[in-house]
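A short write-up of the structure that comes next.
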Amino acid sequence: MYIAAVVLFVAGVAMIFVEHVGPEPDISCAGPDDPLSGYTFEVDGEECPISVEDFNAILEYDRSALPVRRAGLGIAVVGIGVGIGGIVVGRRQKRAARAAADAVPPQQYGA
243 MYIAAVVLFV AGVAMIFVEH VGPEPDISCA GPDDPLSGYT FEVDGEECPI
293 SVEDFNAILE YDRSALPVRR AGLGIAVVGI GVGIGGIVVG RRQKRAARAA
343 ADAVPPQQYG A
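Numbered per our numbering, the sequence shown spans residues 243 to 353.
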């Protein structure tokens, strides 16, 4: 149980640190007739305006890992729960074994 807890926790933490999922979007300078987003990026030392479509693509790319991060958090929490469950079950088994050993009457030989 402890191995499963460690594996789940490590996998969850690794998933939390995923930055992006999928390829980075191609961004180009907005044309004169394109609606502008109000943001710019630098190309060859010059400011280039970004279209609304490109801005939305960038925003989706930045948020692409959010479901993976949430799943990672859930898996890490499950790993912690499995570890705590393993500790509780182990202590109960030890207590039950001690109680069973104390309950066995000593055997008498000869008589």
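Built from N, CA and C at the ideal position, the CB exists for glycine as well.
Using the C-alpha atoms, what's the distance from residue j back to residue i?
{"i": "G273", "j": "P291", "result": "9 Å"}
{"i": "G264", "j": "T282", "result": "23 Å"}
{"i": "N298", "j": "A307", "result": "15 Å"}
{"i": "V319", "j": "A256", "result": "13 Å"}
{"i": "D296", "j": "E284", "result": "14 Å"}
{"i": "V248", "j": "P347", "result": "41 Å"}
{"i": "Y351", "j": "G332", "result": "35 Å"}
{"i": "R305", "j": "R312", "result": "12 Å"}
{"i": "E288", "j": "D275", "result": "19 Å"}
Rounded to the nearest angstrom, how far is the Cβ of residue i from that of residue j, given a contact under 8 Å?
{"i": "I300", "j": "P267", "result": "6 Å"}
Could you check whether residue j and residue i sit closer than 7 Å to each other, using their CB atoms as the reference points?
{"i": "V376", "j": "V324", "result": "As shown, the chain starts at 243 and ends at 353. That puts residue 376 outside it, with no answer to give."}
{"i": "G254", "j": "G321", "result": "yes"}
{"i": "I245", "j": "L315", "result": "no"}
{"i": "V294", "j": "S270", "result": "no"}
My parser needs the beta strand (DSSP E) runs of 3 or more residues fully inside the region 277-321; what are they? You should have 278-285, 288-293.
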